[in-house]
Each structure stands twice: as C-alpha cells, then as structure tokens.
Amino acid sequence: MKISEIIEIIKKFYKGPSDDIGTVTRDQVLYGDINQDCTGVVTSQWASINVIKRAIDLNANLIISHEALFWNHEDHQDWLQNSNNRVYQYKKDLLNKHNITVWRNHDFIHSGIPIKDGLYQDGIFYAFAQAMGWGSYLKGNIEKVRTFQIPETTVMEIAKKMMNVLNIEGIKIIGSPNSKVKNVCIPHHILGDAKGYITDTEKKDINLFVAMEVVDFTLSEYIRDAAQAGKSRAIITAGHFNTEEIGMKYFVKHLEYLLPQEINCNFVQSGDMYHYLVK
59 MKISEIIEII KKFYKGPSDD IGTVTRDQVL YGDINQDCTG VVTSQWASIN
109 VIKRAIDLNA NLIISHEALF WNHEDHQDWL QNSNNRVYQY KKDLLNKHNI
159 TVWRNHDFIH SGIPIKDGLY QDGIFYAFAQ AMGWGSYLKG NIEKVRTFQI
209 PETTVMEIAK KMMNVLNIEG IKIIGSPNSK VKNVCIPHHI LGDAKGYITD
259 TEKKDINLFV AMEVVDFTLS EYIRDAAQAG KSRAIITAGH FNTEEIGMKY
309 FVKHLEYLLP QEINCNFVQS GDMYHYLVK
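In my numbering, the protein residues as written are 59 to 337.
Encoded structure:
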C-alpha cells in the first residue's frame with residue numbers, strides 16, 4: 059500500500075477540520091515521498107532524531123507525528139538551508155538515507171475520532187481522559203474533552219497518576235499538592251492573558267488546571283494567591299508534548315484496524331522533554 063493511500067484512509071476516519079483543509083491545516087507531508095510503498099508506520103508526538111532512529115530499527119518508512127518536524131510552526135526549511143544549520147542537515151540526511159516520509163496529524167486528530175451515535179471527540183484528549191479514568195466525568199463541551207467533574211481527590215494523587223500514565227519522570231505543581239479537587243480543566247496554551255480562566259475559577263469553581271504550558275505570570279500568579287488565601291486551587295503542568303503524547307499512543311489502536319495487517323504500526327514515545335534536578 060502506498061503511503062499516500064494510508065494518509066487518505068486516516069483523514070477519512072476523522073471528523074475533519076472545519077477550515078479549508080487543503081490550504082489551512084497543519085497536517086501536511088513534512089518530508090519525503092508519499093508515492094512509495096509503506097514498509098511500516100511509527101506514531102509519535104514529535105519526530106525527534108531518536109524517534110527517526112527507532113523507526114529505522116522497526117523498518118518503518120512512515121512517521122506520523124503530531125507536531126512539526128523542523129522546529130517552527132509551518133515547518134519552513136528555507137531559513138535552515140540558508141543558515142547551513144548542521145542539526146537540520148543531520149536530521150535531513152537521516153531521513154533521506156532511509157527514505158522516510160513524515161506526515162503531520164494534528165488538526166485531523168484534534169477534530170475528532172468517532173465514538174458512538176455520530177459523536178466525535180478530540181482524539182488526543184479522549185485518550186488522555188481514558189488513561190486517567192475520567193471518561194465518564196466529562197462536563198461542558200463533550201467533543202473537546204477539556205472539563206471534568208471527577209470524584210474528589212488530592213492534587214498530589216492526580217499528579218502521581220499522570221506521571222505513571224504519561225511515563226514521565228516528573229511534574230510541576232502550582233498551589234498546594236494536598237488540596238482536594240474535583241472540577242478539572244485542561245486549558246489551551248497559557249502564554250499570557252488569562253482573564254477568562256481566572257474568571258472561570260470563580261464562576262465554575264475550577265479547582266485544578268492541567269496545563270500543557272503555563273508562564274509564571276497571570277494564571278500562575280492567581281493560583282498561587284488563591285492557594286495562599288486558603289482556596290482549593292492548583293495547576294499541574296507536565297509540558298505540552300508530555301501531556302498530548304498519550305493520544306498518539308492510542309492512535310495506534312485505530313491504525314491496527316484501519317490498515318492491512320501486514321503493515322506493522324508502532325508507537326514510539328518521543329520521551330520526556332525534561333530532566334529534573336531537585337534540591
């Protein structure tokens with residue numbers, strides 16, 4: 059089966075992005091030849107150099123990555139070529155030598171996987187919710203899989219479970235680890251203004267944000283003050299790639315029935331982004 063055929067099968071499985079998918083979606087072929095026969099598939103959050111090497115070991119010439127390949131939003135390569143970037147050249151040579159194609163599956167998987175009775179849910183956060191045991195506790199927009207009302211537990215217990223589920227070495231907590239929480243929100247990127255989320259903590263009594271990335275300003279400051287004021291408020295942050303990667307692991311289950319059995323499909327964890335030193 060051609061790589062191009064595999065990509066089309068996968069696209070049809072999803073609800074599909076609402077934008078003009080021909081020009082707007084991030085889900086482009088990032089590298090390689092889609093007209094070659096597929097020898098195997100590797101899924102990963104990010105096609106790092108080590109993920110590429112593992113794909114070579116598995117004789118897989120298609121890597122399906124959730125994030126960009128060459129360290130910029132739309133995977134432009136001209137600036138890297140013009141600057142003779144040696145890491146770029148190393149990665150490019152590795153892909154060329156082994157005829158590896160990289161396709162990005164970002165907007166499609168977030169658009170929704172079929173669940174039942176015409177319902178589609180975000181394929182990344184559906185997998186996260188299932189792994190955490192939160193699937194039956196969804197609140198709000200059930201397609202987005204972002205808010206939950208879980209049985210009351212502590213921030214520490216959730217953090218420990220996340221580390222185990224995500225197979226990572228550490229996690230950051232803002233607020234009190236011993237706070238008891240039940241209303242959980244997975245926000246979008248907290249990189250600046252957070253008035254909406256701060257307001258929601260009061261209006262919707264959000265106890266815990268499971269943040270993919272969060273800066274020290276705005277929401278982080280508010281949560282610290284809220285915790286110091288005796289409120290049950292906290293943030294757990296494992297990092298963007300670490301939090302989402304479980305979705306690319308779950309994705310292999312779909313590939314196993316979407317594709318012919320002779321095409322081996324494997325998840326390769328891109329790995330914890332961080333090393334942790336604690337005093």
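Ideal Cβ placement from N, Cα and C applies to all residues, glycine included.
The structure displayed is predicted, hence computed values, not measured ones.
### Message
For a test of the three-state rule: what should DSSP assign to Lys240, helix, strand or coil?
### Response
Residue state, collapsed to three classes: strand.
### Task
Report all residues from its chain with a CB closer than 8 angstroms to the CB of Asp258; omit the five preceding and five following residues, and keep chain order.
Setting aside the 5 residues that flank it on each side, Asp258 is surrounded in the same chain by Cys243, Ile264, each with a C-beta closer than 8 angstroms to its C-beta; the list follows chain order.
### Query
Just how far apart, CA to CA, sit Ala269 and Ala292?
Here the alpha carbons of Ala292 and Ala269 stand approximately 10 angstroms from one another.
### Message
Check this for me: beta carbons of Ala105 and Ile121, under 7 angstroms apart or not?
### Response
In this structure, Ala105 places its C-beta atom within 7 angstroms of the C-beta atom of Ile121.
### Query
Which runs of the beta strand (DSSP E) spanning at least 3 residues fall entirely within the segment 147 to 196, listed in chain order?
Within the segment 147 to 196, the complete beta strand (DSSP E) runs of at least 3 residues are 159 to 162, 171 to 174, 177 to 179.
### Message
Am I right that Ala217 and Ile294 are in contact with their C-beta atoms under 8 angstroms? What's the rounded C-beta distance?
### Response
Beta-carbon to beta-carbon, Ala217 and Ile294 are separated by about 5 angstroms, close enough to satisfy the 8 angstroms threshold.
#### Entry: For Val203, three-class secondary structure by DSSP
If DSSP states are grouped into helix, strand and coil, Val203 belongs with coil.
### Task
Return the CA-CA distance between Lys60 and Asp95, expressed in angstroms with no decimal places.
C-alpha separation (whole angstroms): 4 angstroms.
### Message
Taking its Cβ as the centre, do 16 or more other Cβ atoms sit within 10 Å of Tyr184, making it buried, or is it exposed?
### Response
Tyr184 comes out buried.
### Query
Does the separation of the CB atoms of Val213 and Pro245 fall below 7 angstroms?
Contact: no.
### Query
How do the segment 192 to 209 and the segment 307 to 320 stand: do at least 3 beta-carbon pairs fall below 8 angstroms, yes or no?
Segments in contact, no.
### Message
With a threshold of 8 angstroms on Cβ separation, who are the neighbours of Glu227 within its own chain once the five nearest residues in sequence on each side are excluded?
### Response
Only Met221, Asp330, Tyr332, His333, Tyr334 meet the Cβ criterion.
### Task
Quick one: residues in its chain with C-beta nearer than 7 angstroms to the C-beta of Ser328, no 5 flanking neighbours on either side, listed in chain order?
Within the same chain, and ignoring the five residues on either side of Ser328 in sequence, the residues whose Cβ sits closer than 7 angstroms to its Cβ are Ser102, Gln103, Trp104, Ser106, Val109, Phe299, Glu303.
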